[in-house]
Amino acid sequence: MSFVNVTIDELNDASSKTILILSLFSIIPGGIGLIFNILVFSRPSMCREPCAAYFFWSTCFSLIYVLILQPVRVLAVSFNIDQANYNLGICKIEFFVFYITRSASSWFIVIACIDRFLHSSANAHFRQMSSLKIAKIVILITSIVIILLHSHMLVYYEISYSSDQFGNIIPACFGRKGIYRTFIGFWNLALYSFCPSILMLFFGLLTLKNLHQHRLVIPVNFETNRQVRRTDTQLLRMLIAQVLVIFICTLPISIIQLYSSFTLNVVKNTLRLAQENLAARIASELTYFAHSSTFYLYTLTGTIFRKELSKIIRQYCRFNHNRLNGIHDETHRMSVLQKSQKTQTHTNHP
1 MSFVNVTIDE
11 LNDASSKTIL
21 ILSLFSIIPG
31 GIGLIFNILV
41 FSRPSMCREP
51 CAAYFFWSTC
61 FSLIYVLILQ
71 PVRVLAVSFN
81 IDQANYNLGI
91 CKIEFFVFYI
101 TRSASSWFIV
111 IACIDRFLHS
121 SANAHFRQMS
131 SLKIAKIVIL
141 ITSIVIILLH
151 SHMLVYYEIS
161 YSSDQFGNII
171 PACFGRKGIY
181 RTFIGFWNLA
191 LYSFCPSILM
201 LFFGLLTLKN
211 LHQHRLVIPV
221 NFETNRQVRR
231 TDTQLLRMLI
241 AQVLVIFICT
251 LPISIIQLYS
261 SFTLNVVKNT
271 LRLAQENLAA
281 RIASELTYFA
291 HSSTFYLYTL
301 TGTIFRKELS
311 KIIRQYCRFN
321 HNRLNGIHDE
331 THRMSVLQKS
341 QKTQTHTNHP
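The sequence shown begins at 1 in UniProt numbering and counts up by one.
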């Protein structure tokens, strides 16, 4: 076996194992964290905040993306179990839902940034736009718009034949060759990576400016305003951390998709295919961490988040403690009752 063949086999083996290991780290800790996110953002003290509502729905879409779609992709990549390559209906629906969930998750974070900007504005009209009633309407409209913006995938995604990392010609679910495949590369770069990140950064900086102006106007020793500013700052820190992670984790896959589109008609040997396959799969796996790491980012950067999380844990521990005490008391009562019945039986029948 030649050196090139050995290198190709090593790259292919590394690709499958790397994806499997990274996926386990993303699915298990990430899934647990996302469930905690939902519990925290459902708390009465949190659900009154429109920003928390956007966090909540972002988490819901991330949960679908990480716990349902990621295992499907792991089976396809690591174990070659992928019905989307053989069934046109599954091909269209799987990738349609795949792109919708991750895009919606990112755009709800963008809207959360806009909400923080409005909430911190000195303009009373802008502040009124940061309300739970408006948040519910925006969430519904955003969900519908994102579905419509991705509806072209139901038409132009198809099963085509291409070379895999081993150089074999196999069926695969991709966008239609030609202009559309180039378009989808730019589309994903703009809609999922570039535009959300830029907008998050832009409105984050505007919010920081608003908060700075408030500090100059509002007395520092005014406790109520200080508490409000503290909450706003904590939510903003959570947003900024999420912005950085989304940008870092989503940019590589968008660049690789553009590269694949521009080199679609280039003849590639098996070594180059194996190298590109490894890079594409690692970049694709990074996108999952943009969604599965939110709980840990919020825990590290948000004091308000940690407080609500600690309340949930204390309530759970208290519930278990009361339950165990109840079981112990019930067992004790049953034991006393049985002893009483035995004593009564011995008295009646000497």
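C-beta: ideal position from N, C-alpha, C; glycine also.
Item to check | For Ile81, the three-state DSSP class (helix, strand or coil) | outcome: In the sequence shown, counting from the first residue as 1, residue 81 sits at position 81. Here Ile81 sits in coil by DSSP.
Checklist entry - By Cβ distance, which residues of its chain are closer than 6 Å to Ser284, with the 5 residues on each side in sequence left out? => result For the purposes of this step, residue 284 is taken as residue 284 along the sequence shown, with counting starting at 1. Within the same chain, Ser284 has close Cβ partners Ile253.
Checklist entry - Which residues does DSSP pair with residue 353 in a beta bridge? => result Here the chain has residues from 1 to 350 only, and residue 353 is not among them.
Checklist entry - For the candidate residues Arg306, Lys177, Phe174, whose alpha-carbon lies nearest to that of Met238? => result Here the question's residue 238 lines up with position 238 in the sequence shown. Checking every option, the nearest Cα to that of Met238 belongs to Arg306.
Item to check | Residue from Ser162, Ile27, Gly302, Thr142 whose Cα sits closest to the Cα of Arg73 | outcome: As a working note, residue 73 is residue 73 in the sequence shown. Comparing Cα positions, the closest option is Ile27.
Checklist entry - In angstroms, rounded to a whole number, what distance separates the CA positions of Leu140 and Asp13? => result Position 140 of the sequence shown, counting from 1, holds the residue named residue 140. Position 13 of the sequence shown, counting from 1, holds the residue named residue 13. Roughly 44 Å between the two C-alpha positions.
Item to check | Nearest residue (CA-CA) to Trp57, options Ser105, Ala76, Ala290 | outcome: Within the sequence shown, numbered from 1, the residue matching residue 57 stands at position 57. Residue Ser105 is the option with its Cα nearest to Trp57.
Checklist entry - Considering only the beta carbon of each residue, do His119 and Cys60 sit closer than 9 Å? => result By 1-based counting over the sequence shown, the position of residue 119 is 119. By 1-based counting over the sequence shown, the position of residue 60 is 60. In this structure, Cys60 does not lie closer than 9 Å to His119 by Cβ.
Item to check | Helix, strand or coil at Phe222 according to DSSP, with G and I counted as helix | outcome: Position 222 of the sequence shown, counted from the start, is the residue given in the question as residue 222. Note that Phe222 has pLDDT 45, beneath the 50 cutoff, so the model's placement of it is unreliable and the number below is only indicative. Phe222 falls in the coil class under three-state DSSP.
Checklist entry - Terminal residues of the continuous alpha helix (DSSP H) containing His125? => result Here the question's residue 125 lines up with position 125 in the sequence shown. Per DSSP, His125 belongs to the alpha helix (DSSP H) from 124–128.
Checklist entry - Counting pairs of beta carbons, one from the segment 294–309 and one from the segment 270–279, are three or more of them closer than 8 Å? => result no
Checklist entry - Between the C-alpha atoms of Phe96 and Gly31, what's the straight-line distance to the nearest angstrom? => result Locating residue 96 in the sequence shown gives position 96, where the first residue counts as 1. Locating residue 31 in the sequence shown gives position 31, where the first residue counts as 1. Taking the straight line from one Cα to the other gives about 22 Å.
Checklist entry - For Gln242, which of His152, Gln83, Asn265, Pro196 has the nearest alpha-carbon? => result By one-based count along the sequence shown, residue 242 stands at place 242. That would be Pro196, whose Cα lies nearest to the Cα of Gln242.
Checklist entry - Mapping DSSP to helix, strand and coil, what is Val267? => result Locating residue 267 in the sequence shown gives position 267, counting from the first residue. Coil, per DSSP.
Checklist entry - Cα-Cα, which of Ile146, Leu206, Ile169 is closest to Lys268? => result Translated into the one-based positions of the sequence shown, residue 268 becomes position 268. The residue with the shortest Cα to Cα distance from Lys268 is Ile169.
Checklist entry - For Tyr316, which option in Leu39, Pro29, Ile146, Val6 has the closest C-alpha, if you only look at C-alpha atoms? => result Residue mapping note: residue 316 aligns to position 316 of the sequence shown, counting from 1. Nearest C-alpha to Tyr316: Leu39.
Next on the checklist: Considering only their Cβ atoms, is the gap separating Ser121 from Asn210 smaller than 9 Å?
Outcome noted: If you number the sequence shown from 1, residue 210 lands on position 210. If you number the sequence shown from 1, residue 121 lands on position 121. The answer is yes: Cβ separation under 9 Å.
Checklist entry - With a Cβ-Cβ cutoff of 9 Å, do Leu69 and Phe98 count as a contact? => result Taking the first residue of the sequence shown as 1, we reach residue 69 at position 69. Taking the first residue of the sequence shown as 1, we reach residue 98 at position 98. Yes, the pair counts as a contact, with Cβ atoms nearer than the cut-off.
Checklist entry - Hey, is Ile313's beta-carbon within less than 9 Å of any beta-carbon in chain D? => result Here chain D cannot be found, since the structure has a single protein chain.
Item to check | Where Ser121 falls: helix, strand or coil (DSSP) | outcome: As a working mapping, residue 121 is identified with position 121 in the sequence shown. Here Ser121 sits in coil by DSSP.
Next on the checklist: Just to confirm the assignment, what range does the alpha helix (DSSP H) spanning Arg181 have?
Outcome noted: Here residue 181 corresponds to residue number 181 of the sequence shown, with the count starting at 1. From DSSP, the alpha helix (DSSP H) with Arg181 extends over 179–188.
Item to check | For Leu191, the first and last residue of its enclosing alpha helix (DSSP H) | outcome: For the purposes of this step, residue 191 is taken as residue 191 along the sequence shown, with counting starting at 1. Premise fails: Leu191 is in no alpha helix (DSSP H) and is neither H nor E.
Checklist entry - Can you name, in chain order, every residue of its own chain whose Cβ lies under 8 Å from the Cβ of Arg101, other than the five neighbours on each side? => result As a position in the sequence shown, residue 101 is number 101, starting the count at 1. A quick correction: the sequence has Thr, not Arg, at residue 101. So the list reads Phe61, Ser62, Ile64, Tyr65, Leu69, once near-sequence residues are dropped.
Checklist entry - Distance, Cα to Cα, Ile19 vs Val77? => result Counting from one through the sequence shown, the residue named residue 19 turns up at place 19. Counting from one through the sequence shown, the residue named residue 77 turns up at place 77. Taking the straight line from one Cα to the other gives about 8 Å.
Next on the checklist: Between Gln128, Ser16, Leu34, which has its C-alpha nearest Phe79's C-alpha?
Outcome noted: As a working note, residue 79 is residue 79 in the sequence shown. Here the closest residue by C-alpha is Ser16.
Item to check | Sequence-distant residues of its chain with Cβ nearer than 8 Å to Lys136 (five each side left out) | outcome: Within the sequence shown, numbered from 1, the residue matching residue 136 stands at position 136. Around Lys136: Ala53.
Checklist entry - From this set, Cys91, Tyr192, Arg314, which residue's C-alpha is nearest Met153's C-alpha? => result Here the question's residue 153 lines up with position 153 in the sequence shown. The option with the nearest alpha carbon to Met153 is Cys91.
Checklist entry - Does DSSP classify Gly302 as helix, strand or coil? => result Sequence index remark: in the sequence shown, residue 302 carries index 302 (1-based). Looking at Gly302 - three-state DSSP - the assignment turns out to be coil, as it is neither helix nor strand.
Checklist entry - Counting along the chain, where does the alpha helix (DSSP H) carrying Leu140 start and finish? => result In the sequence shown, residue 140 corresponds to position 140, counting from 1. Unbroken alpha helix (DSSP H) run through Leu140: 132–149.
Item to check | Glu308 burial status per 10 Å Cβ neighbour count (16 or more: buried) | outcome: The residue given as residue 308 occupies position 308 in the sequence shown. Buried.
Checklist entry - Quick one: what's got a C-beta closer than 7 Å to Trp187's C-beta in the same chain, skipping five residues either side? => result Counting from one through the sequence shown, the residue named residue 187 turns up at place 187. Excluding sequence neighbours, Trp187 sits near nothing in its chain.
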